[in-house]
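The next block holds one structure in the form of structure tokens; read it before the comments.
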Amino acid sequence: MVEVFGIPSYALFGQLLIGLINGSFYALLSLGLAVIFGMLDVINFAHGAQYMMGAFAAYLMLQYLGLDYWVALVIVPFLIAATGIVIERLFLQHIRKLDHLYGLILTFGLALIIEGLFRNEFGSSGKPYQIPALLQGGRNLGFMFLPNYRAWVIAFSLVVCFATWFAIERTRLGSYLRAATENPALVRAFGINVPRMVTLTYGFGVGLAALAGVMAAPIYNVSPQMGSDLIIVVFAVVVIGGMGSILGAILTGFALGVIEGLTKVFFPEASSTVIFVIMAIVLLIRPAGLFGRTA
Amino acid sequence: MPDTSALLAVTDLQAWYGESHILHGTTFEVRAGEVVTLLGRNGVGKTTTLKSIMGMVEQRTGSVRFDGRELIRLSSDAIARAGIAICPEERGIFSSLDVRENLLLPPQLLPGGLDLDHIFALFPNLRERQASQGTKLSGGEQQMLAIARILRTGARLLLLDEPTEGLAPVIIQQIGRTVGALKAQGFTILLVEQNFNFAATIADRYYVMEHGRIVDHFPTAALAANMGKLHEYLGV
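Chains as they are written, first to last, in the working numbering: chain D, 3 to 297; chain S, 10 to 245.
Next up, the structure:
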């Protein structure tokens with residue numbers, strides 16, 4: 003048996019893989035939160051619930067409509083994004099001028115309602131979701147066993163994160179977004195419909211959460227509280243990376259997933275708290291986060 | 010009453026920021042091809058007048074007619090599409106955008122905007138600095154960028170808010186030549202200026218504001234005769 007630092011390689015790389023998987027979800031979710039916060043100044047506490055809705059939408063489409071994973075992967079983000087657009091039009095646009103706290107409380111309330119409705123309808127025990135046939139099985143890399151689906155999740159979330167970063171930092175539409183984050187009134191005076199852009203941005207962030215939900219369905223059980231379990235960690239990731247930083251959200255997401263995984267190998271007792279310890283240290287040294295701009 | 014055939018006719022314009030009532034019935038006009046300057050001390054409502062025309066204040070009443078069309082109820086993006094563009098006092102250069110992105114940010118809304126070659130001919134410094142972060146430019150370059158980017162849009166009326174504020178005399182001269190060149194190309198310009206000597210080199214007419222109202226106006230030809238009054242208005 004191969005050993006690294008006195009640890010069997012299967013255990014080490016196994017945890018590293020779990021860390022990368024968790025990191026993929028941290029990155030996708032904190033990316034959506036960062037995009038939403040940058041544009042709307044709203045800390046979207048409904049993000050976990052929207053992730054859960056994505057997973058449930060995939061589950062229900064398979065159960066009742068016979069639509070498989072690949073169809074869900076394309077349709078569900080748009081479907082859940084549409085619910086986000088309704089929320090923005092109905093509620094969020096009216097509290098834009100108020101303090102951050104109102105958006106936080108409103109979305110927190112929405113999260114509780116959404117989760118309550120799902121728990122009432124589906125119970126709190128998880129529903130299984132099959133790994134799509136194409137990605138079943140795995141391969142032995144010699145130093146570890148790599149399930150195909152998990153490799154896909156890591157690769158696909160990297161692609162999605164990169165595409166989002168590229169769209170925001172390197173395209174014309176992205177320059178509108180960045181400018182409107184800094185000075186929405188002036189961007190609007192240049193003839194750009196900023197309120198519509200804000201609505202679509204919220205829809206996009208929610209769509210990212212739903213996409214993560216679909217990807218998570220075959221890995222974690224599809225259950226009403228799957229979002230609230232994850233979202234606390236994701237908020238810690240966002241705080242560490244710095245609110246509103248796109249690249250920061252992505253890098254911190256993956257890095258913290260890996261750190262959490264490695265902690266499970268070397269000091270398992272700390273694995274559930276290590277992210278919060280890092281958060282406390284970062285807040286002491288750099289209150290704006292590792293990649294954050296000081297306001 | 011303003012001349013309603015003018016390109017811009019502002020009548021009894023009132024504006025508020027929250028509880029504070031800033032404009033108390035401002036009335037004036039700008040004819041096509043003119044450079045008109047609003048003069049007045051700090052806090053008399055010059056910037057608010059520009060922002061109200063552009064639809065950037067919370068609440069406004071009265072009438073703003075542009076090219077025969079009433080704008081008072083339109084949002085600022087619709088006003089931009091009607092053909093007005095603003096260069097704000099704080100310049101509004103975006104720090105998360107490089108110079109080129111800043112320059113290309115305002116979309117082309119109407120035909121007749123200047124193309125990039127034309128803009129770089131007016132502002133040669135900007136060509137070399139395209140990849141720099143917007144806010145890394147010097148104050149003068151930022152001011153030129155703020156003016157340059159609204160020339161592409163096809164806007165016919167430019168609202169320039171204190172373009173010379175805080176700049177060195179040699180830069181002020183350059184901006185003066187640029188505004189002159191823009192006028193020669195057919196742009197109509199409404200300028201807010203504290204720097205009276207600068208305004209005198211380019212303006213066709215002046216309006217003087219006090220307490221949110223226009224209290225006086227005269228053409229450049231009558232400038233010398235009105236010097237005494239002006240010094241009183243401006244407290245210089």
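All C-beta atoms in this analysis are idealised placements derived from N, C-alpha and C, irrespective of residue type, glycine included.
About 5 angstroms separates the Cβ atoms of residue 36(S) and residue 20(S), confirming a contact at the 8 angstroms cut-off. The shortest C-alpha to C-alpha distance from residue 72(S) to any of 34(S), 96(S), 128(S) and 241(S) is the one to 34(S). Judged by beta-carbon spacing, residue 56(D) lies beyond the 9 angstroms limit of residue 160(D), meaning their Cβ atoms are not closer than that value.
Shown here, residue 129(D) sits in a strand according to DSSP, grouped into three states. Here residue 148(S) is actually not in contact with residue 31(S); their C-beta atoms are around 27 angstroms apart, not less than 8 angstroms. Runs of the alpha helix (DSSP H) lying entirely within the segment 237–279 of chain D and spanning at least 4 residues, in chain order: 248–268. Under DSSP, residue 88(S) takes part in no beta bridge, so it has no partner.
Linking residue 75(S) to residue 169(S) through their CA atoms gives a straight-line distance of about 17 angstroms.
The Cβ atoms of residue 253(D) and residue 243(D) sit closer than 9 angstroms to each other. Between the beta-carbon of residue 33(D) and that of residue 277(D) there is about 17 angstroms, and that puts the pair past the 8 angstroms contact cut. Taking C-beta separations shorter than 7 angstroms and ignoring five residues to either side along the sequence, the partners of residue 50(S) in its chain run 243 and 244, following chain order. One alpha carbon belongs to residue 150(D), the other to residue 137(D), and they sit about 5 angstroms apart. Close partners of residue 184(D) in chain S (Cβ separation under 9 angstroms): 101, 103, 104, 105 and 106. Within the segment 167–198 of chain D, contact with chain S at the beta-carbon level (separation under 8 angstroms) is assigned to 174, 177, 178, 180, 181, 183, 184, 185, 187, 188, 189, 190, 191, 192, 193, 194, 195 and 196. Not a single CB atom of chain D sits nearer than 9 angstroms to the CB of residue 233(S).
Around the beta carbon of residue 86(S), 16 or more other beta carbons lie within 10 angstroms, which makes this residue buried. Secondary structure of residue 220(S) (DSSP, three-state): coil. Listed along chain D are 177, 178, 181, 189 and 192, each with a C-beta nearer than 8 angstroms to that of residue 114(S).
Cβ atoms of residue 60(D) and residue 216(D) come within 8 angstroms of each other, at about 4 angstroms. Per DSSP, residue 144(S) is not a residue of any beta strand (DSSP E), being assigned neither H nor E. In this structure residue 7(D) is exposed. Its beta-carbon is surrounded by fewer than 16 other beta-carbon atoms within 10 angstroms. The way I'd put it, the segment 122–134 of chain S doesn't touch the segment 79–95 of chain S; fewer than three beta-carbon pairs between them come closer than 8 angstroms. Chain D places a beta carbon closer than 9 angstroms to that of residue 162(S), counting this residue as a contact. Between residue 173(S) and residue 43(S), the CB-CB gap reaches or exceeds 9 angstroms. Cβ atoms of residue 155(S) and residue 100(S) come within 8 angstroms of each other, at about 4 angstroms.
Where residue 168(D) is concerned, the enclosing alpha helix (DSSP H) starts and stops at 150–172. Using a Cβ-Cβ cut-off of 8 angstroms, residue 171(S) is close to nothing in chain D; its nearest Cβ partner there is about 16 angstroms away. When C-beta atoms of the segment 40–47 of chain D are compared with those of the segment 101–118 of chain D, three or more pairs fall below 8 angstroms, so the two segments count as touching. Secondary structure at residue 185(D): coil, using DSSP grouped into helix, strand and coil. The C-alpha of residue 89(D) is placed about 12 angstroms away from the C-alpha of residue 97(D). In this chain, the beta strand (DSSP E) harbouring residue 19(S) covers 17–26.
Within the model, the alpha-carbon separation for residue 256(D) versus residue 26(D) is close to 6 angstroms. Beta-bridge analysis with DSSP links residue 47(D) to no other residue. Between the beta-carbon of residue 52(D) and that of residue 236(D) there is about 12 angstroms, and that puts the pair past the 8 angstroms contact cut. In the same chain as residue 140(S), and ignoring 5 residues on each side of it, the C-beta atoms closer than 6 angstroms to its own belong to 107, in chain order.
For residue 141(D), the uninterrupted beta strand (DSSP E) segment begins and ends at 140–142.
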